[in-house]
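Adding 260 to a residue's 1-based position in the sequence shown gives its number in my numbering. Glycine is no exception: its CB is placed at the ideal position from the N, C-alpha and C atoms. Note that the structure is a prediction, hence the values are computed from the model and not measured.
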Amino acid sequence: MFETIANMPPALFDAVGVFGFGLYVLNYTMLTFHRVTSHCKSYFAINLVAASMVLIGMTFSFNLASALIQLFWIGISVAAIIVRVRASKGGALSVKPA
């Protein structure tokens, strides 16, 4: 399996990473213009996919700082989705004041 991945052209991974960047921009634009809210699961799902795609895109041109940022977004997106799924099963999402 790893041989198959190693034989894929680097441009394919670059394209996946650029598409992930596009998803980030699209998601933030939709948030800015109130097409999605930061309370909906889809916002975090799109961030999860975008971060995963950017991470895949770094396969041939690795950057530790960027990889750590993507891993953070993946982790926080998964946590946010879990919180929202649990809240939808048990009632409203509780928000604590700062």
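Secondary structure of R344 (DSSP, three-state): helix. Note that the region 288–299 does not touch the region 264–276; fewer than 3 beta-carbon pairs, one per stretch, sit closer than 8 Å. Here the alpha carbons of P270 and I341 stand approximately 32 Å from one another.
Note that the C-beta distance between A347 and L331 is not below 9 Å. Taking C-alpha positions only, V314 is separated from N307 by approximately 10 Å. When the five nearest sequence neighbours on each side are left out, the beta carbons in the same chain lying within less than 7 Å of the beta carbon of F279 are those of M313, in order along the chain.
Distance between K349 and H299, taken at the CA atoms: about 15 Å. Residues V314, G317 of the same chain have their beta carbon placed closer than 6 Å to that of G277, with the five preceding and five following residues left out of the count.
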